[in-house]
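Trainee: Protein chains in written order, with my numbering: chain A, 28 to 186; chain B, 28 to 186.
For every residue, glycine included, the Cβ atom is placed at its ideal position computed from N, Cα and C.
All values derive from a computational prediction rather than experimental measurement.
2 protein chains.
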Amino acid sequence: MLLYGVMTSCTRRSDETTRLIGTRLADVGARFTRARRLVVRALTESPGPMIAADLHETLRGEVPLSSLYRTLSVLEGAGILAREHGSNGVARHELAEWLTGHHHHLVCTGCGVVQDVTPEPAVEREIVGFVDHIATAAGYRATDHRLDIEGTCAACTSK
Amino acid sequence: MLLYGVMTSCTRRSDETTRLIGTRLADVGARFTRARRLVVRALTESPGPMIAADLHETLRGEVPLSSLYRTLSVLEGAGILAREHGSNGVARHELAEWLTGHHHHLVCTGCGVVQDVTPEPAVEREIVGFVDHIATAAGYRATDHRLDIEGTCAACTSK
DNA sequence: TTCCTTGCAAACGATTTGCATTGGA
DNA sequence: TCCAATGCAAATCGTTTGCAAGGAA
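1. Output, in chain order, the set of chain A residues within a Cβ distance shorter than 7 Å of LEU133(B).
2. Listing by chain order, which chain B residues have their CB less than 8 Å from the CB of CYS138(A)?
3. Note down the Cα distance separating LEU29(B) from GLU153(B), rounded to an integer number of angstroms.
4. Would you decide whether TYR167(A) is buried or exposed? Buried here means 16 or more other CB atoms lie within 10 Å of its CB.
5. May I have the straight-line CA-CA distance separating LEU70(A) from THR44(B), to the nearest angstrom?
6. Could you name the residues of chain A that GLY178(B) contacts, counting a contact when the two beta carbons are closer than 8 Å?
7. Is there at least one Cβ from chain B nearer than 8 Å to VAL144(A)'s Cβ?
8. Is LEU95(A) close to chain B? Criterion is C-beta to C-beta, closer than 8 Å.
9. My output table needs one value for PRO146(B): the three-state DSSP class, helix, strand or coil.
10. Checking contacts by CB at 8 Å: is ASP175(B) closer than that to chain A?
11. Give the straight-line distance between the Cα atoms of THR60(B) and ALA165(B), rounded to the nearest whole angstrom.
12. For THR179(B), count neighbouring Cβ atoms within 10 angstroms of its own Cβ and tell me buried if that reaches 16, exposed if not.
13. In terms of residue numbering, what span does the alpha helix (DSSP H) encompassing ALA109(B) cover?
14. For LEU99(B) and VAL66(B), what's the separation of their Cα atoms in angstroms?
15. Taking the C-alpha atoms as reference points, what is the distance between VAL101(A) and THR163(B)?
16. Interface residues of chain B around ILE154(A) at Cβ under 7 Å?
17. Given a cut-off of 8 Å on the beta-carbon distance, is the pair GLU177(A) and ASP175(B) in contact?
18. When the Cα atoms are used, what is the spatial distance from GLN142(B) to THR50(B)?
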C-alpha cells in the first residue's frame, strides 16, 4: 500500500510536532512566535510544499511579506523547514523530513500542484540502492536524493 | 559499466548535433546565429548544466548578458535547451535530453558542481518502473522524472 | 531590562523587456 | 530586402536587509 499526503493524515500528531519545533527553536535561541506558528500550521495542513505568495495569501494579511520571508528564513535556519525551487525558480517551502518522513514529489504539469508521496518501504529501499550504486560508480558518496515525478494528476488527466 | 559525462565523450558527434539544432531552429523560424552557436558549444563541452553567469564568463564578453538571456530563452523555446533550478534558485541550463540522452544529476554539496550521470539501461528501466508504480498508485500518469543525487565528489571526499 | 521579533521601506540580484540599430538568409 | 537578432538601459519580480518600534522572558 502506498501512503501519500502524509502530513494531512498525521494532524492528530500535530501537537507533538509543535512541541518538537518549539524545542528546536529554543535550541537555536529563537522564540516560537505567532507568525512562526501560523506558518508551521499552514505547511502542516498543506498536501505539498508552498511558495511564499501562497502562504501570504493563506495567512490573509496576518503576516506581511517581509516578515513572512524572515520567518521562513529562521525556520529553515533551524532545520525545521526545507526549501526547494520549482521549474520557475520560485522557492517552495515544506516541513523538513525529520518531521514529515522522507518523501518525494509528484508534480502535475497541468495544474502545477505538487504533492508529497512516500513510497512503500521496499520501493524506497530499492531506490536508495540504485542511488548508491550510481553515485559510487561515479566516485561520489551519496548523502541524499530527490526524486521528482512529473505527470498529470487524476483531475487533469480526465480533462 | 556506467557512463557519465556523456556530452564530453560525444564531441565527435558535435557536427551532427549542430545540424539537428539548426534544423530545429529553422522549424520555429529562428536563425542559428553566432551567439546561439557559442552558447550551444559551451554547453556541449560542459560536463553538466551551467548558470547564465558561468556562460557569460566562459564567453568572455562575446555575448552581453541581456542577449545571453534572450539566446537561452529562444533555445529553450525551441526545445533545444532545458532549464532547471538549483538549490539557490538560480537557473541552470543544459542541452535537452533528445540531444544528450536521458540522464540524472550528481550534485556535490561540497563544491556545488553538478555532473550528468547516465545509469546503465537496466538500472534506468528499474527506476522507470518504480516511478510509474508510485505515480499510478497516486492517480497520476507519469510523463517524466528527475533524480538528483546529492553527495560529495571524489575530490571533496578526500579533503 | 535585554534581546528577539516585527513592519515598513529601500536595496538587491537574477531575469525580462522596450526600443532603436544591426545583421543574416 | 525584410524580418529576426542585438545591445543598451530601464523595468520586473522574488527575495533580502537597514532601521526604528514593539514584545516576550
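Mentor: The answer reads as follows:
1. ALA162, ALA165, TYR167
2. Going along chain B, no residue has its Cβ under 8 Å from CYS138(A), so there is no contact; the nearest lies around 12 Å.
3. Bear in mind that the predicted position of LEU29(B) carries a pLDDT of just 30, short of 50, making it too unreliable to give a figure here.
4. buried
5. 45 Å
6. ALA162, TYR167, ARG168, ALA169, THR170, ASP171
7. yes
8. no
9. coil
10. yes
11. 45 Å
12. buried
13. Premise fails: ALA109(B) lies in the beta strand (DSSP E), 108-112, not in any alpha helix (DSSP H).
14. 8 Å
15. 37 Å
16. PHE157
17. no
18. 28 Å
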